[in-house]
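In numbering that gives the first Met the number 0, the protein residues as written are 0 to 126.
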Amino acid sequence: MAKKKVSADAPACEITCLHEDVLKRVGHGLTDPEVLRWVAALFKVMGDPSRLKIVNALILSEMCVCDLAALLKMTPSAVSHQLQILRQSDLVKWRRDGKIIYYSLDDEHVSNIFYQGLVHVNEKHHP
Numbered sequence: 000m001a002k003k004k005v006s007a008d009a010p011a012c013e014i015t016c017l018h019e020d021v022l023k024r025v026g027h028g029l030t031d032p033e034v035l036r037w038v039a040a041l042f043k044v045m046g047d048p049s050r051l052k053i054v055n056a057l058i059l060s061e062m063c064v065c066d067l068a069a070l071l072k073m074t075p076s077a078v079s080h081q082l083q084i085l086r087q088s089d090l091v092k093w094r095r096d097g098k099i100i101y102y103s104l105d106d107e108h109v110s111n112i113f114y115q116g117l118v119h120v121n122e123k124h125h126p
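So, in structure tokens, the structure goes:
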């Protein structure tokens, strides 16, 4: 499959033509702007490669900071910082076992978002 050449300018209509039925139907179905702000914040958090590496690892197993740092070749401090951001966004959770804190994904939605992104990229860039 050949890749499509992307133009710098998106094609636009040559005339102004409003489709009232479409505007009405779509207007009633739009998501609440406040909800969209939350979704945008989610994608912003998921848009960092370091955090995506952590999510990728946590999809495969619950892990502690030391193991994540060793696996991802990051410092424990850097991993902890990224985990804090992921926790604040309700993407990961933790549990204590003695002196060790283990991290895991908050729920299956997080792995679904990750995998949907992979599917999209692989379809578009690695056919």
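All residues carry an ideal CB built from backbone N, CA and C; glycine is no exception. None of the values given here were measured: they were computed from a predicted structure.
- The secondary-structure analysis by DSSP pairs V91 across a beta bridge with L104.
- With fewer than 16 other CB atoms across the displayed protein chains lying within 10 angstroms of its CB, Y114 is exposed.
- In this structure, the alpha-carbon of E19 lies about 15 Å from that of L29.
- Judged by DSSP secondary structure, P32 falls within the alpha helix (DSSP H) whose first and last residues are P32 to M45.
- Its chain contains F113 as the residues whose beta carbon lies nearer than 6 Å to that of V54, once the 5 sequence neighbours on both sides are disregarded; these appear in chain order.
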